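Numbering (our numbering), first residue to last: 1 to 294. A virtual CB, placed ideally from N, CA and C, is assigned to each residue, including glycine. None of these values were measured; they are calculated from a predicted model.
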């Protein structure tokens, strides 16, 4: 019995040593569902926590498990913040698994002004405690992502058409050469964080191709949006009816007309700028001045 026990122990030690010497780095396949962590209410005023889902491939002939995986995240050579895998890491042998990751963006990153390239090179440098391994396992995973996908995913968590929208459009004044629209915006901030709308521009087009601008307006004064608040503000847009040409005559004959509105806004949080766009079709009757948003 003792001899069998020694043989078993020796084989186990050899197995561990072989596994350590042949351990291959997992491959980061994709990063999905990047979003703000709305549950971190106690920290959100000083930090941004991002939750994402990652697909990781384990090329090894054995399962990799760990209850503690921490790493640092870099964009190119710029330190972004610290992250950890939520829950247990369990990657089956030669298989792809999903893990949930929490990234806390560090203060220097939030306060810096970074010009994002078209493609971002992410590097994940960290360590993991793996059972039966005599020392920590250190890894370096790399992944490329379009900067627009990264920024837009965060923007959707911060502000979207569900919480900022055009509430109402009215005609304030109508003349032969000019139509004056009043556009009322409603911002319903449902998250526990303040942000600022730095700039908001409204352009009116005569067709859904959005080629020819016939009127515009802009709000250059910052609009402070408090956490968990409902806000309303308005702007006046002047449309030059002479630019409509024959289409205006046809619209009067048909008792209706369609104009197309494009709203571009810049939302700022912790010195990070997030672009936001709304597009709407505005139907109006030049005789009755009735307006309908489509």
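Does the distance from the C-beta atom of residue 137 to that of residue 147 stay below 8 Å?
-> In the chain shown, residue 137 corresponds to position 137, counting from 1. In the chain shown, residue 147 corresponds to position 147, counting from 1. Cβ atoms of residue 137 and residue 147: not closer than 8 Å.
Are the Cβ atoms of residue 143 and residue 69 separated by less than 8 Å?
-> Within the chain shown, the letter at position 143 stands for residue 143. Within the chain shown, the letter at position 69 stands for residue 69. Taking 8 Å as the Cβ cut-off, residue 143 and residue 69 do not qualify as a contacting pair.
What's the C-alpha gap between residue 260 and residue 210?
-> Along the chain shown, one-based indexing puts residue 260 at 260. Along the chain shown, one-based indexing puts residue 210 at 210. Rounded to the nearest angstrom, the two C-alpha atoms are 7 Å apart.
Quick one: is the Cβ of residue 203 within less than 7 Å of any heavy atom of the ligand MN?
-> Absence of the ligand MN is noted for the structure shown, with no ligands found whatsoever.
Environment of residue 236 [buried if 16+ CB atoms lie within 10 Å] = Counting from 1 along the chain shown, the entry for residue 236 is found at position 236. Residue 236 is exposed by the Cβ-count criterion.
Going by other Cβ atoms of all chains shown within 10 Å of its Cβ, with 16 needed for buried, is residue 242 buried or exposed?
-> As a first step, residue 242 is located in the chain shown; it is residue number 242 there, counting from the start. By the 10 Å Cβ count, residue 242 comes out exposed.
In chain order, what residues of the same chain have a beta carbon less than 8 Å from the beta carbon of residue 2, not counting five sequence neighbours either side?
-> Within the chain shown, numbered from 1, the residue matching residue 2 stands at position 2. Note on residue 2: pLDDT 46, under 50, position unreliable in the model; no value is reported.
At which residues does the beta strand (DSSP E) containing residue 99 begin and terminate?
-> One-based indexing of the chain shown puts residue 99 at position 99. First-last of the beta strand (DSSP E) with residue 99: 95 to 105.
Contact check, residue 85 vs residue 101, beta carbons under 8 Å | One-based indexing of the chain shown puts residue 85 at position 85. One-based indexing of the chain shown puts residue 101 at position 101. Yes. Within cutoff.
For residue 241, which of helix, strand or coil comes out of DSSP?
-> Residue 241 sits at position 241 when you count from the first residue of the chain shown. Reduced to three states, the DSSP call for residue 241 is helix.
To the nearest angstrom, how far is it from the Cα of residue 80 to the Cα of residue 292?
-> Start at 1 with the first residue of the chain shown, and residue 80 comes out as number 80. Start at 1 with the first residue of the chain shown, and residue 292 comes out as number 292. Their Cα atoms are separated by approximately 45 Å.
Near residue 265, what residues of its chain come up, given a Cβ to Cβ distance below 6 Å and the 5 sequence neighbours on each side ignored?
-> Position 265 of the chain shown holds residue 265. Result list for residue 265: 197, 200 and 276, in chain order.
Using CA coordinates, which residue listed in 226, 170, 77 and 166 is at the minimum distance from residue 263?
-> On the chain shown, position 263 is the one that residue 263 refers to. Of the listed residues, the one whose Cα sits closest to residue 263 is 166.
Would you give the residue range spanned by the beta strand (DSSP E) that residue 265 belongs to?
-> The sequence position of residue 265 within the chain shown is 265, counting from 1. Residue 265 -> beta strand (DSSP E) spans 257 to 269.
Going by alpha carbons, who is nearest to residue 268 out of 229, 224 and 164?
-> Residue mapping note: residue 268 aligns to position 268 of the chain shown, counting from 1. Checking every option, the nearest Cα to that of residue 268 belongs to 224.
Could you give the C-beta distance for residue 181 and residue 171, rounded to a whole number, given that I count them as a contact under 8 Å?
-> Along the chain shown, one-based indexing puts residue 181 at 181. Along the chain shown, one-based indexing puts residue 171 at 171. Going by Cβ atoms, the distance from residue 181 to residue 171 rounds to 6 Å, so yes, they are a contact pair.
List the DSSP bridge partners of residue 275.
-> Within the chain shown, the letter at position 275 stands for residue 275. Residue 275 is bridged to 266.
Apart from the five residues on each side of it in sequence, which residues of its chain come closer than 6 Å, Cβ to Cβ, to residue 219?
-> Sequence index remark: in the chain shown, residue 219 carries index 219 (1-based). Here the set comprises 200 and 235.
Using CA coordinates, which residue listed in 280, 258 and 273 is at the minimum distance from residue 290?
-> Here residue 290 refers to the residue found at position 290 of the chain shown. Residue 258 is the option with its Cα nearest to residue 290.
When we look at the beta-carbon of residue 26 and count the other beta-carbons within 10 Å, is it buried (16 or more) or exposed?
-> Indexing the chain shown from 1 puts residue 26 at position 26. So residue 26 ends up on the buried side.
Kindly give me the distance between the Cβ atoms of residue 346 and residue 124, rounded to whole angstroms, as I take these residues to be in contact under 8 Å.
-> Residue 346 lies beyond the stretch modelled for the chain, which goes from 1 to 294, so this question has no answer here.
Distance, residue 55 Cα to residue 67 Cα | Taking the chain shown and counting its residues from 1, the one referred to as residue 67 is at position 67. Taking the chain shown and counting its residues from 1, the one referred to as residue 55 is at position 55. Near 17 Å, if we compare the C-alpha coordinates of residue 55 and residue 67.
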